[in-house]
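In the numbering used here, the protein residues as written are 75 to 404. Every residue, glycine too, gets a C-beta built ideally from N, C-alpha and C.
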Amino acid sequence: RVKASWLIQTMGFPNIKYAPDCNLMPGEMMGQAVQAVGDGLCTTCLVIYPSGNLSGRYRRGGDNAKDTAEGGRAFTVPWGNHGGNDFINVFPFQQYCYKYNSNPDRIAPFVINQHKNGRMNDWGFYSNNENYIITPEDYVTSRYILRPLRLWDCDRPVNASAAWLVTTSERAQDMKQNPVYVLNHAEPVYPPRSTQPVLDDLEAATEIAAEIVLEGSGLGRDEVDIFNPYDGYSYMTQFWLEAFRWHGVKRGEAHDFYEGDLSVHGSHPFNSSGGNLGCGRTRTAHCTDSIEQLRGTAGERQVKIKAETAIWGIAPPLGGGWLTFGKTPN
Numbered sequence: 075r076v077k078a079s080w081l082i083q084t085m086g087f088p089n090i091k092y093a094p095d096c097n098l099m100p101g102e103m104m105g106q107a108v109q110a111v112g113d114g115l116c117t118t119c120l121v122i123y124p125s126g127n128l129s130g131r132y133r134r135g136g137d138n139a140k141d142t143a144e145g146g147r148a149f150t151v152p153w154g155n156h157g158g159n160d161f162i163n164v165f166p167f168q169q170y171c172y173k174y175n176s177n178p179d180r181i182a183p184f185v186i187n188q189h190k191n192g193r194m195n196d197w198g199f200y201s202n203n204e205n206y207i208i209t210p211e212d213y214v215t216s217r218y219i220l221r222p223l224r225l226w227d228c229d230r231p232v233n234a235s236a237a238w239l240v241t242t243s244e245r246a247q248d249m250k251q252n253p254v255y256v257l258n259h260a261e262p263v264y265p266p267r268s269t270q271p272v273l274d275d276l277e278a279a280t281e282i283a284a285e286i287v288l289e290g291s292g293l294g295r296d297e298v299d300i301f302n303p304y305d306g307y308s309y310m311t312q313f314w315l316e317a318f319r320w321h322g323v324k325r326g327e328a329h330d331f332y333e334g335d336l337s338v339h340g341s342h343p344f345n346s347s348g349g350n351l352g353c354g355r356t357r358t359a360h361c362t363d364s365i366e367q368l369r370g371t372a373g374e375r376q377v378k379i380k381a382e383t384a385i386w387g388i389a390p391p392l393g394g395g396w397l398t399f400g401k402t403p404n
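Shown next as structure tokens:
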């Protein structure tokens with residue numbers, strides 16, 4: 075993996091005061107950068123996230139490089155691409171459908187809307203390679219990856235990169251772009267009780283995370299304008315939607331909500347970034363869109379509702395990194 079110390083040495087960057095060599099996801103990286111600036115470890119922090127997805131076995135390092143599934147991994151690895159993530163997410167989703175009397179394919183409007191939003195990013199994978207919007211028929215006739223998980227429920231591995239600049243609020247006043255302020259960052263993690271989480275685990279984990287993120291930012295549930303939670307698998311996202319009660323959605327109501335108007339020009343522009351499902355597995359579209367929406371620079375994706383606060387999460391249901399943005403510092 076590319077580390078900060080290697081970049082500094084190879085490229086000859088002078089006067090670098092802070093450069094942690096942690097291998098983190100974008101949410102945790104941004105949280106670390108924000109905290110570093112806030113603690114005075116540096117005044118300006120450049121966060122670079124390259125998403126390299128080479129052909130062949132996914133995530134070649136560590137246990138994933140082995141040809142055997144040892145210990146608890148024997149119950150998960152054979153079912154999915156990296157530690158059984160497919161299976162881990164499918165099982166509680168099936169429980170969800172049983173508990174709330176829903177059909178798995180009712181998630182189709184969300185997936186289709188993600189593709190529409192992603193197409194509005196001129197740099198997105200689907201904008202440049204497969205220039206069409208999938209239809210409900212495309213979705214329900216796509217092959218199963220692990221029933222009921224369909225092909226279009228999975229994000230597409232792509233090669234991409236993103237960079238954000240974090241600095242003090244005083245320094246930001248002199249920049250060409252309008253500053254967007256970070257109100258809070260959080261990295262809540264919920265330890266599962268076993269190698270296979272169940273619906274109760276996912277609902278409990280997302281409830282705790284939502285409370286931490288909202289309390290730390292000082293926002294009420296009805297004060298979140300832009301909401302861009304993670305969508306590595308389509309099944310993940312609904313647990314965050316219901317935990318944060320965005321636009322009043324409660325437990326068991328996500329699929330009903332999906333059948334409404336999710337478009338960026340409507341009253342419920344959920345996940346306006348297009349996320350991973352609409353742009354490819356960048357893991358960064360959610361953050362960039364949150365910033366652009368508050369700046370009013372999202373172009374065709376610009377929402378019509380008020381956009382003064384935003385919450386971005388790069389987090390599967392059991393934990394990850396969250397940032398809360400505001401147009402003003404408080």
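Please specify which runs of the alpha helix (DSSP H), each continuous and at least 4 residues long, are wholly inside the region 346-399, giving them in chain order.
349-353, 359-369
Looking at C-alpha atoms only, which residue of K91, G86, L397 is the closest neighbour of V256?
L397
From the DSSP secondary-structure annotation, give me the bridge partner or partners of C119.
V240
I think N175 touches G348, with their Cβ atoms under 8 Å apart; what is that distance to the nearest whole Å?
Not quite, the Cβ-Cβ distance comes to about 30 Å (not below 8 Å), so this is no contact.
Given 8 Å as the limit, is there contact between the region 325-337 and the region 298-309, that is, 3 or more CB pairs closer than that?
By the criterion of at least three beta-carbon pairs nearer than 8 Å, the region 325-337 is not in contact with the region 298-309.
Tell whether a beta-carbon distance below 8 Å holds between G192 and Y304.
no
Do N345 and G306 have their C-beta atoms closer together than 8 Å?
no
Between which two residues does the beta strand (DSSP E) holding Y218 run?
In this chain, the beta strand (DSSP E) harbouring Y218 covers 218-220.
Span of the alpha helix (DSSP H) holding F407?
Because the chain spans 75 through 404 in this model, residue 407 falls outside it and cannot be assessed.
Let me confirm a value: M249 is counted as buried when at least 16 other C-beta atoms fall within 10 Å, else exposed. Which label applies?
The residue in question, M249, is exposed, as its Cβ has fewer than 16 Cβ neighbours within 10 Å.
If you draw a straight line from the C-alpha of P382 to the C-alpha of C228, how long is it?
Correcting the residue type first, residue 382 is Glu in the shown sequence and not Pro. So the alpha carbons of these two residues sit roughly 31 Å apart.
Since Y309 and N187 are thought to touch, with beta carbons under 8 Å apart, how far apart are those beta carbons, to the nearest angstrom?
Y309 to N187, Cβ: 15 Å. No contact.
Under three-state DSSP, which class holds N203?
helix
Got a sec? Which residues, its chain only, sit under 7 Å from D137 by beta carbon, not counting five neighbours each side?
R147
Indicate whether A20 and E281 have their beta-carbon atoms separated by less than 8 Å.
What the structure shows of the chain is the stretch from 75 to 404, and residue 20 is not part of that stretch, so it cannot be assessed.
Just checking my contact of V272 with N127 at CB under 8 Å: how many whole Å lie between their CB atoms?
Rounded, the Cβ-Cβ distance is 30 Å, inconsistent with contact.
Quick check: what's the CA-CA separation for A234 versus R224?
24 Å
Spatial neighbours of L115 within its chain, please: C-beta separation below 7 Å, excluding the five flanking residues on both sides.
K91, Y92
With C-beta atoms as the reference, is C353 less than 8 Å away from F184?
no
Only counting the same chain, and skipping five residues up and downstream in sequence, which positions put a Cβ closer than 6 Å to that of A182?
P210, Y213
How do the region 215-223 and the region 105-115 stand: do at least 3 beta-carbon pairs fall below 8 Å, yes or no?
Flag = no, the region 215-223 and the region 105-115 do not touch.
Around the C-beta of P371, are 16 or more other C-beta atoms found within 10 angstroms, so that it is buried, or is it exposed?
Residue identity check: residue 371 is Thr in the sequence provided, not Pro. By the neighbour-count rule (16 or more Cβ atoms within 10 Å), T371 is not buried but exposed.
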